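S.K.: Quick one: the structure is below, and I'll ask about it shortly.
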Ligand code: F6R
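This is the structure we're talking about:
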């Protein structure tokens, strides 16, 4: 390392709690949807699952029900899905998205895209290539929403010596299976060992990226992700090469930066 110090910083907004941060993120999404609608264009959103974005989706559902926010011009691409998993399994990300967002808004079901955890093994490669092609054909992702794993992963791009560029099948780290065991009877061995995930390059091609993180467990990886160095062992650090990325944090997640 020939760098003594670095001063690059990702833009960060700090909110007193996740609820406030989620409202801000939901407002940004709503404003983009409406601006695109006014221009007669579709709005392509990249979406995340997990505990962090739940309140953001709740706010979007509220805006749809109470303020008439329409999702008719919205196309979505989710970051990832367990593999293998049935689409309607309790723990699938497909089901998560329907329960928390899609079942409550007026999005055209044909505009929803989630990697398919039911795809036969021999079709995975073709499926991943198709996923990339569909994103491209939709005009690319306008706004990608991200969470961050305790180990610094974004999507299911796990820390390692290298990082996949495009949508791929990935072996989950044991720490990720532990972190995600809650819906699997708290038994990490029941969490699928693999997943399908957009790659780092897929994520970095989005025109804008908003990462939401909450809680002190995320503080260390947020510190490493924003410290001015790219590290494949902290996949979120790759966001530092993107020209339009913002972090929405609560005080705990921001406590080490
Ligand atoms: C989920 C995803 C993951 C999560 C991350 C944080 O689609 O891509 O990277 O964002 O594991 O999960 P939570 O929000 O549950 O802490």
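Residue numbers (our numbering): 4 to 260.
Cβ coordinates follow ideal geometry from the N, Cα and C atoms, glycine included.
No experiment lies behind these values; they were computed from the predicted model shown.
(1) Could you tell me the distance, in whole angstroms, from the CA atom of residue 220 to the CA atom of residue 208?
(2) Can you list, in chain order, the residues of its chain whose CB lies under 8 Å from that of residue 2, leaving out five sequence neighbours each side?
(3) Do residue 52 and ligand 1 come close, with the Cβ less than 6 Å from some heavy atom?
(4) Return yes when at least one heavy atom of ligand 1 lies under 6 Å from the C-beta of residue 83, else no.
(5) Taking the C-alpha atoms as reference points, what is the distance between residue 139 and residue 86?
(6) Looking at residue 172: is its Cβ nearer than 7 Å to the Cβ of residue 149?
(7) Can you list, in chain order, the stretches of the beta strand (DSSP E) that have 3 or more residues and sit fully within the stretch 122-166?
(8) Is there at least one non-hydrogen atom of ligand 1 closer than 6 Å to the beta-carbon of residue 45?
(9) Does the stretch 152-161 come close enough to the stretch 224-239 that 3 or more CB-CB pairs lie under 8 Å?
(10) Grouping DSSP H, G and I as helix and E and B as strand, with all else coil, what is residue 59?
(11) Can you tell which of 168, 29 and 195 has the C-alpha that lies nearest to the C-alpha of residue 181?
(12) Report the residue ranges of all alpha helix (DSSP H) runs contained in full by the stretch 21-79; include only those spanning at least 4 residues, in chain order.
(13) When every heavy atom of ligand 1 is checked, does at least one fall within less than 6 Å of the C-beta of residue 202?
(14) Are residue 103 and residue 169 touching if we call contact CB-CB under 7 Å?
(15) Taking the alpha carbon of residue 34 as the point to measure from, which residue in 73, 120, 92 and 205 has its own alpha carbon closest?
M.R.: In this structure, then:
(1) 28 Å
(2) In the structure as shown, the chain begins at 4 and stops at 260. Residue 2 is therefore absent and cannot be evaluated.
(3) yes
(4) yes
(5) 23 Å
(6) no
(7) 146-149
(8) no
(9) yes
(10) helix
(11) 195
(12) 21-41 and 57-70
(13) no
(14) no
(15) 73
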